[in-house]
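Chemist: Have a look at this one.
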Amino acid sequence: MGDNSADVALVERVQHGDKKAYDLLVLKYQGKIIKLVSRFVRDPSDALDVAQEAFLKAYRALPNFRGESAFYTWLYRIAINTAKNYLATMSRRPLEAMTGSDEDGEQEIEDWQSDWETPENLLLTEEIQQTIARAIAGLPEDLRMAITLRELEGMSYEEIATVMACPIGTVRSRIFRAREAIDGKLRPLLE
Amino acid sequence: MAHDDHKEQLSLLADGALTPLEAVRMVGVIAGNDELRRTWMRYHLVGEVMRTPGRIAWTPGLAARIRDALEREPALLAPRPQRAMMAQWFRPLAGLAVAASVAAAAVLLLPRNQPAVVNSTPALASAPAMEGNAGPIILGAQTVGWPGENAAPHAATVVKPIPRSRLNGYLVNYSEQRALIGSPGVPYVRVVGYEPDQP
Numbered sequence: 003m004g005d006n007s008a009d010v011a012l013v014e015r016v017q018h019g020d021k022k023a024y025d026l027l028v029l030k031y032q033g034k035i036i037k038l039v040s041r042f043v044r045d046p047s048d049a050l051d052v053a054q055e056a057f058l059k060a061y062r063a064l065p066n067f068r069g070e071s072a073f074y075t076w077l078y079r080i081a082i083n084t085a086k087n088y089l090a091t092m093s094r095r096p097l098e099a100m101t102g103s104d105e106d107g108e109q110e111i112e113d114w115q116s117d118w119e120t121p122e123n124l125l126l127t128e129e130i131q132q133t134i135a136r137a138i139a140g141l142p143e144d145l146r147m148a149i150t151l152r153e154l155e156g157m158s159y160e161e162i163a164t165v166m167a168c169p170i171g172t173v174r175s176r177i178f179r180a181r182e183a184i185d186g187k188l189r190p191l192l193e
Numbered sequence: 031m032a033h034d035d036h037k038e039q040l041s042l043l044a045d046g047a048l049t050p051l052e053a054v055r056m057v058g059v060i061a062g063n064d065e066l067r068r069t070w071m072r073y074h075l076v077g078e079v080m081r082t083p084g085r086i087a088w089t090p091g092l093a094a095r096i097r098d099a100l101e102r103e104p105a106l107l108a109p110r111p112q113r114a115m116m117a118q119w120f121r122p123l124a125g126l127a128v129a130a131s132v133a134a135a136a137v138l139l140l141p142r143n144q145p146a147v148v149n150s151t152p153a154l155a156s157a158p159a160m161e162g163n164a165g166p167i168i169l170g171a172q173t174v175g176w177p178g179e180n181a182a183p184h185a186a187t188v189v190k191p192i193p194r195s196r197l198n199g200y201l202v203n204y205s206e207q208r209a210l211i212g213s214p215g216v217p218y219v220r221v222v223g224y225e226p227d228q229p
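Keeping their order, the protein sequence lines are chains L and X. Just so we're on the same page, this note's numbering is the position in the first sequence counted from 1, plus 2. Just so we're on the same page, this note's numbering is the position in the second sequence counted from 1, plus 30.
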C-alpha cells in the first residue's frame with residue numbers, strides 16, 4: 003500500500019485534461035506547500051501568491067511529469083524554486099538561510115509566525131486544532147488507535163492489522179469510522 | 031449527496047489502499063462531487079493537524095484562487111503514460127502472458143511433431159536439438175515431412191540443412207535404440223540410410 007497511488011491516479015487524469023483532478027491535488031497539498039513557501043517568503047499575502055504560482059507552474063509542467071519521483075517531491079522542488087526565484091526578483095534574503103541554532107534566526111522565525119498569526123487566523127486555527135483534538139479524544143479506543151497509527155505513525159493497513167490483531171477489513175472500517183466521527187465535528191466549523 | 035460507500039472509498043484512496051483502477055474510478059467520482067471534494071480536503075486537514083500539532087497553515091482561499099486561475103489555463107491534452115508506475119504492475123502480467131503463450135504453443139506442437147520414442151529413448155532425447163525446430167527437415171532440395179503435411183514453403187525459411195554426417199548419426203542411434211528396447215519404431219516412417227552417391 004502506498005499513499006502515492008491516489009496521486010498517480012490524479013496526475014493521470016490531469017494529464018488527460020481533467021482540471022478537477024488537479025483541484026484535488028491542490029486541496030491535498032496546499033497546507034504543506036504554504037508552510038514550505040512561508041519558510042522563504044515572510045509576507046503571508048506574498049506567500050499565497052508564490053504558492054499559487056508554484057501550483058500553476060506544476061500544472062503547466064505536468065505533461066513532462068513521468069512519475070519517476072513522487073508527485074509531492076516534484077511539486078516540492080517546483081515550490082522551492084518558485085520561492086527562490088521570487089526572492090531573487092525581490093532581492094530578498096531567504097528566511098530559511100537564517101534558520102538554525104543561532105538566536106537571531108530563531109527570532110526571525112518567531113517574527114514570521116507573528117506575521118501569519120493575525121487574531122482571526124489564530125482563532126480559527128486554534129479552533130480547528132481543538133475541535134480535532136476533542137474529536138479524537140472522544141473516539142472509542144479501537145478507532146482512536148487505528149487512526150493514530152495511520153496518521154501519526156504512517157503505518158500501512160497491513161501493519162495496523164498486525165499491531166491491533168484484527169483483519170485488514172476491520173482496520174479499513176475503523177479508520178473510516180474514525181475519520182467520519184472527526185469530520186462530523188469539523189465540518190460545521192469550516193462550512 | 032455523498033454515499034457512505036463513496037466516503038469509505040475516499041478514505042481508502044487517501045491512504046493509497048485502492049488498486050490503480052479503483053483509484054482512477056474514485057478520482058472521477060470525487061472530482062465531480064463538491065461534497066466529496068470538501069470531505070477529501072477535510073480528511074487531509076485532519077491528518078496534517080494530527081501530524082504537526084501547534085502549527086497549521088489554514089488557507090481556504092488558496093484552492094479557490096488556483097481553481098479560478100486554472101479556468102484560464104488550457105486543459106492538458108498531451109497525455110503521457112506513466113510508464114515507470116504502470117510497468118510496476120503491468121510488466122509482470124505481460125511476462126506471464128508471454129510465458130503462457132509459449133507454454134500453450136509447446137503443448138499444442140510437441141505431441142504432434144515429436145514421436146513417443148523421444149521420451150522412451152534417453153540417447154535420442156539427449157541428442158543435439160535440431161535448431162529448436164520441430165518442422166520438416168530439408169535435405170538439399172528434398173523435403174521430408176509428416177504424412178499429409180505440406181509445409182515446405184514455411185520450412186524453407188526456418189530450417190537449416192542438417193549435415194549428412196549428423197543425420198547418419200541420428201539414424202544409427204535411432205536404429206540401435208530401437209533394437210535395444212524392442213520398439214517397432216514409428217510405423218509410418220521408413221528408416222533409411224543416407225549415403226552420398228556412390229560411383
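Where is the CB? At the ideal position from N, CA and C, for every residue including glycine.
Assign serine 195/X to buried or exposed, taking buried as 16 or more other Cβ atoms, counted over all protein chains shown, within 10 Å of its Cβ.
Modeler: The residue you call residue 195/X lines up with position 165 of the second sequence. Looking at its Cβ environment, which holds fewer than 16 other Cβ atoms inside 10 Å, serine 195/X is exposed.
Chemist: Got a sec: which bits of the stretch 62-84 of chain X sit with their beta carbon under 9 angstroms from any beta carbon on chain L, in order along the chain?
Modeler: So the list reads Gly62, Arg67, Arg68, Thr69, Trp70, Met71, Arg72, Tyr73, His74, Leu75, Val76, Gly77, Glu78, Val79, Met80, Arg81, Thr82, Pro83 and Gly84, given in the order they occur along the chain.
Chemist: Counting beta carbon pairs with one atom in the stretch 171-187 of chain L and one in the stretch 54-62 of chain X, are three or more of them shorter than 8 angstroms?
Modeler: No: the two stretches stay apart, fewer than three of their Cβ pairs being nearer than 8 angstroms.
Chemist: By how many angstroms is the C-alpha of tyrosine 24/L removed from the C-alpha of tyrosine 61/L?
Modeler: For the purposes of this step, residue 61/L is taken as residue 59 along the first sequence, with counting starting at 1. For the purposes of this step, residue 24/L is taken as residue 22 along the first sequence, with counting starting at 1. About 8 angstroms.
Chemist: Which stretch, first to last residue, makes up the alpha helix (DSSP H) that contains glycine 33/L?
Modeler: Mapped onto the first sequence, residue 33/L falls at position 31. Segment 21-40, the alpha helix (DSSP H) holding glycine 33/L.
Chemist: Can you tell me whether histidine 18/L is helix, strand or coil according to DSSP?
Modeler: Counted from its first residue, the first sequence places residue 18/L at position 16. DSSP places histidine 18/L in coil when its eight states are reduced to three.
Chemist: I need the boundaries of the alpha helix (DSSP H) containing alanine 90/L, first residue and last residue.
Modeler: The residue labelled residue 90/L in the question sits at position 88 within the first sequence. Residues 73-92.
Chemist: Whole-angstrom Cβ separation of alanine 93/X and valine 28/L, contact assumed at under 8 angstroms?
Modeler: Taking the second sequence and counting its residues from 1, the one referred to as residue 93/X is at position 63. Taking the first sequence and counting its residues from 1, the one referred to as residue 28/L is at position 26. So it is a contact: roughly 5 angstroms between Cβ atoms.
Chemist: With aspartate 48/L as the anchor, note down where its alpha helix (DSSP H) starts and where it stops.
Modeler: If you number the first sequence from 1, residue 48/L lands on position 46. Where aspartate 48/L is concerned, the enclosing alpha helix (DSSP H) stretches over 46-63.
Chemist: Please confirm whether leucine 42/X has its beta-carbon closer than 8 angstroms to some beta-carbon of chain L.
Modeler: As a first step, residue 42/X is located in the second sequence; it is residue number 12 there, counting from the start. Closer than 8 angstroms: yes.
Chemist: Relative to chain X, which residues along the stretch 36-65 of chain L have a C-beta separation below 8 angstroms, given in chain order?
Modeler: So the close ones are Ile36, Lys37, Ser40, Leu50, Ala53, Gln54, Phe57, Leu58, Tyr61, Arg62, Leu64 and Pro65.
Chemist: Out of Gly33/L, Ile134/L and Lys21/L, point me to the one whose CA is closest to leucine 64/L's CA.
Modeler: Along the first sequence, read from residue 1 onward, the residue named residue 64/L stands at position 62. For the residues Gly33/L, Ile134/L and Lys21/L, the minimum Cα distance to leucine 64/L belongs to Lys21/L.
Chemist: Considering just the uninterrupted stretch of the alpha helix (DSSP H) at proline 121/L, what are its terminal residues?
Modeler: Within the first sequence, residue 121/L is the residue found at index 119, counting from 1. Proline 121/L -> alpha helix (DSSP H) spans 121-139.
Chemist: If we cut at 8 angstroms on Cβ distances, does arginine 194/X have a partner in chain L?
Modeler: Along the second sequence, read from residue 1 onward, the residue named residue 194/X stands at position 164. Output row for arginine 194/X: interface = no.
Chemist: Along chain A, which residues have their Cβ under 8 angstroms away from the Cβ of valine 54/X?
Modeler: Among the protein chains in the structure shown, which are L and X, there is no chain A.
Chemist: I need the boundaries of the alpha helix (DSSP H) containing methionine 157/L, first residue and last residue.
Modeler: Start at 1 with the first residue of the first sequence, and residue 157/L comes out as number 155. No alpha helix (DSSP H) holds methionine 157/L; DSSP gives it neither H nor E.
Chemist: Starting from the C-beta of phenylalanine 57/L, find all residues in its chain whose C-beta is less than 6 angstroms away, skip the five residues before and the five after it, and write them out in chain order.
Modeler: As a working mapping, residue 57/L is identified with position 55 in the first sequence. The residues are Val28.
Chemist: Taking just the CA atoms, how far does glutamine 32/L sit from alanine 8/L?
Modeler: Position 6 of the first sequence holds residue 8/L. Position 30 of the first sequence holds residue 32/L. Near 16 angstroms, if we compare the C-alpha coordinates of glutamine 32/L and alanine 8/L.
Chemist: By the three-class DSSP mapping on this structure, what secondary structure does asparagine 63/X have?
Modeler: In the second sequence, counting from the first residue as 1, residue 63/X sits at position 33. Three-state DSSP puts asparagine 63/X in coil, outside helix and strand.
Chemist: When you compare each of Ala139/L, Ser158/L, Tyr78/L and Thr75/L to lysine 187/L by their alpha carbons, which one comes out closest?
Modeler: For the purposes of this step, residue 187/L is identified with residue 185 of the first sequence, where counting begins at 1. Checking every option, the nearest Cα to that of lysine 187/L belongs to Ala139/L.
Chemist: Run down chain X in chain order and give the residues with a C-beta less than 9 angstroms from the C-beta of arginine 174/L.
Modeler: Indexing the first sequence from 1 puts residue 174/L at position 172. In chain order: Glu38, Ser41, Leu42, Asp45 and Ala47.
Chemist: Report the option in Ile184/L, Phe42/L, Pro46/L and Thr75/L whose CA atom is closest to the CA atom of serine 93/L.
Modeler: Looking up residue 93/L in the first sequence gives position 91. The shortest C-alpha separation from serine 93/L is found at Phe42/L.
Chemist: Do you know whose CA, among Thr89/X, Thr82/X, Ile86/X and Ile96/X, lies nearest glutamine 54/L's CA?
Modeler: In the first sequence, residue 54/L corresponds to position 52, counting from 1. Of Thr89/X, Thr82/X, Ile86/X and Ile96/X, the residue nearest in Cα terms is Ile96/X.
Chemist: When Cβ atoms are compared, which residues of the stretch 151-181 of chain L fall closer than 7 angstroms to chain X?
Modeler: Per Cβ criterion, the list reads Arg152, Glu153, Leu154, Tyr159, Arg174, Ile177, Phe178 and Arg181.
Chemist: If the criterion is Cβ atoms closer than 8 angstroms, does the pair alanine 148/L and isoleucine 162/L meet it?
Modeler: For this step, residue 148/L is matched to residue 146 along the first sequence. For this step, residue 162/L is matched to residue 160 along the first sequence. Against a cut-off of 8 angstroms, the Cβ pair of isoleucine 162/L and alanine 148/L comes out as a contact.
Chemist: Where does glutamine 132/L land, buried or exposed, given buried means 16+ other C-beta within 10 angstroms?
Modeler: Translated into the one-based positions of the first sequence, residue 132/L becomes position 130. The residue in question, glutamine 132/L, is exposed, as its Cβ has fewer than 16 Cβ neighbours within 10 Å.
Chemist: Rounded to the nearest angstrom, how far is the Cβ of leucine 12/L from that of leucine 26/L, given a contact under 8 angstroms?
Modeler: The residue you call residue 12/L lines up with position 10 of the first sequence. The residue you call residue 26/L lines up with position 24 of the first sequence. Indeed they touch by this definition, with Cβ atoms about 6 angstroms apart.
Chemist: For a cutoff of 8 angstroms on Cβ pairs, would you count isoleucine 130/L as touching chain X?
Modeler: In the first sequence, counting from the first residue as 1, residue 130/L sits at position 128. Yes, its Cβ sits closer than 8 angstroms to a Cβ of chain X.
Chemist: Please work out which residues of its chain come closer than 6 angstroms, Cβ to Cβ, to alanine 44/X, disregarding the five sequence neighbours upstream and downstream, and give them in chain order.
Modeler: Here residue 44/X is taken as the residue at index 14 of the second sequence, counted from 1. Around alanine 44/X: Tyr73.
Chemist: Please check if any C-beta of chain X sits within less than 8 angstroms of the C-beta of tyrosine 74/L.
Modeler: Your numbering for residue 74/L matches position 72 in the first sequence. Tyrosine 74/L does not count as touching chain X.
Chemist: Report the residue from Leu40/X, Thr89/X and Leu138/X whose alpha carbon sits nearest the alpha carbon of leucine 124/L.
Modeler: Counting from 1 along the first sequence, the entry for residue 124/L is found at position 122. The residue with the shortest Cα to Cα distance from leucine 124/L is Thr89/X.
Chemist: Kindly give me the distance between the Cβ atoms of leucine 141/L and alanine 183/L, rounded to whole angstroms, as I take these residues to be in contact under 8 angstroms.
Modeler: In the first sequence, the residue the question calls residue 141/L occupies position 139. In the first sequence, the residue the question calls residue 183/L occupies position 181. Yes, leucine 141/L and alanine 183/L are in contact; Cβ-Cβ is about 6 angstroms, under 8 angstroms.
Chemist: How is valine 43/L classed by DSSP in three states: helix, strand or coil?
Modeler: What you label residue 43/L is simply residue 41 of the first sequence in a count that begins at 1. Three-state DSSP puts valine 43/L in coil, outside helix and strand.
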